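Have a look at the structure below, then the notes.
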Amino acid sequence: MERRYASHPNEVKQFDTARLRQEFHIPKLFTPDKLELVLTHEDRMIVGGAAPVHQEVKLEIDLKELGVSYFLERRELGAINVGGPGVIIVDGTEYELDTKDCLFIGMGSHEVIFKSKEASNPAKFYLNSAPAHQQFPTAKTTLAEAESGALGSIENSNDRTIHRFIHENGIQSAQLVMGMTQLKTGNMWNTMPSHVHPRRMEAYMYFDLPEDAVVFHLMGEPSETRHIVMRNEQAVLSPSWSIHSGVGTSNYTFIWGMAGDNKAYADMDAVPMKDLK
1 MERRYASHPN EVKQFDTARL RQEFHIPKLF TPDKLELVLT HEDRMIVGGA APVHQEVKLE
61 IDLKELGVSY FLERRELGAI NVGGPGVIIV DGTEYELDTK DCLFIGMGSH EVIFKSKEAS
121 NPAKFYLNSA PAHQQFPTAK TTLAEAESGA LGSIENSNDR TIHRFIHENG IQSAQLVMGM
181 TQLKTGNMWN TMPSHVHPRR MEAYMYFDLP EDAVVFHLMG EPSETRHIVM RNEQAVLSPS
241 WSIHSGVGTS NYTFIWGMAG DNKAYADMDA VPMKDLK
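Anchor point for the sequence shown: position 94 equals 94 in full-length UniProt numbering, and the numbering is continuous, going up by one each time.
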């Protein structure tokens, strides 16, 4: 598991492109038959992916990194499948996940195993994990069952649908919040006008992008914006002090995950367009 440290906004102002990507960009999430994880010291979130193809993948790491006897002893986990049909086995119970289905796995779950139904169309499980102070039951929701709502307009190139999976009115958790935003054809902008939420960090994972398409992920303080070029199935970390908007060369989908002081999706501090620099 790779470790990333938290960065002060005054320091980030001095970063060049390579350093910015080193600190916040996660280029590889899905390696066949392996587990890829990044631990950030921003609210101790873990971001990663499990890509079972020819064999099962277990949620196993060097536990010295967490100081526990098993991964979810003091953590909870959210998994969203962005590949073909798959299965997650939690302490012997199987949960089938089709594309864009979500499974929340509560604190105290000992064994978690990821597998695909077909090697020719493997599952890809995108993972977010946060520390937990209370145990909540493992629960699954499908894209159709999620709380969904439309935002934006074609006039502003941001006509999109937001699906909330793990949140205060959906699957219950100690602090993890996860959902997905789908932009309609012909739309490129997300989360603009931008905002920050100083009480929570966030991670984005962009997917459903054509091979030659990119998303310019905007970050930084409103008065000191920067960008990171994102490609299909890559993730980016967003500190609590940073905006997190993006614009693509085509429409796309992204998964957002948050950890921090509350689970209120609407708890954000708006940034007026005139203040962006």
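All C-beta atoms, glycine included, are put in the ideal place defined by N, C-alpha and C. The model shown is predicted, which means the values in this text are computed figures rather than measured ones.
Would Ile-243 and Gly-220 be called neighbours here (beta carbons separated by less than 9 Å)? yes
With distances taken Cα to Cα, identify the nearest neighbour of residue 280 among Glu-202, Thr-31, Ser-109. For the chain, the structure presents residues 1 to 277; residue 280 sits outside this window and is missing.
Can you name the residues that DSSP bridges to Thr-225? Gly-220
Compare the Cα-Cα distances from Cys-102 to each of Asp-212, Met-178, His-133 and report the closest residue. Met-178
Ser-120 - partner residues in DSSP beta bridges: BP columns for Ser-120 are empty, so no partner.
Would the region 48-65 count as touching the region 112-127 if we require 3 or more Cβ pairs under 8 Å? yes
Got a sec, what are the start and stop residues for the beta strand (DSSP E) Pro-9 sits in? Counting along the chain, Pro-9 falls outside any beta strand (DSSP E), though it belongs to the alpha helix (DSSP H) covering 9-12.
How far does the beta strand (DSSP E) with Thr-181 in it reach, from first residue to last? 177-183
Check whether the region 228-243 and the region 23-39 touch, using three or more Cβ-Cβ pairs below 8 Å as the test. yes
In whole angstroms, what is the alpha-carbon distance linking Gly-108 and Thr-141? Whole-angstrom Cα-Cα distance: 20 Å.
Which residue or residues does DSSP assign as beta-bridge partners of Tyr-206? Gln-234, Phe-254
Neighbourhood of Thr-40 by C-beta distance below 6 Å, restricted to the same chain and skipping five residues each side: Arg-4, Leu-237
To the nearest angstrom, how far is it from the Cα of Ile-61 to the Cα of Ala-18? 28 Å
Would you be able to state if there are at least three C-beta pairs under 8 Å between the region 91-101 and the region 56-76? no
With DSSP as the reference, label Ala-18 as helix, strand or coil. helix
Beta carbon of Met-1, beta carbon of Val-57: below 9 Å? No. Outside cutoff.
Between the CA atoms of Phe-216 and Tyr-70 - distance to the nearest angstrom: 37 Å
Is the beta carbon of Val-112 closer than 9 Å to that of Lys-100? no
Range covered by the beta strand (DSSP E) that runs through Glu-2: 2-4
How many Å lie between Lys-263 and Val-53 at the Cα? 34 Å
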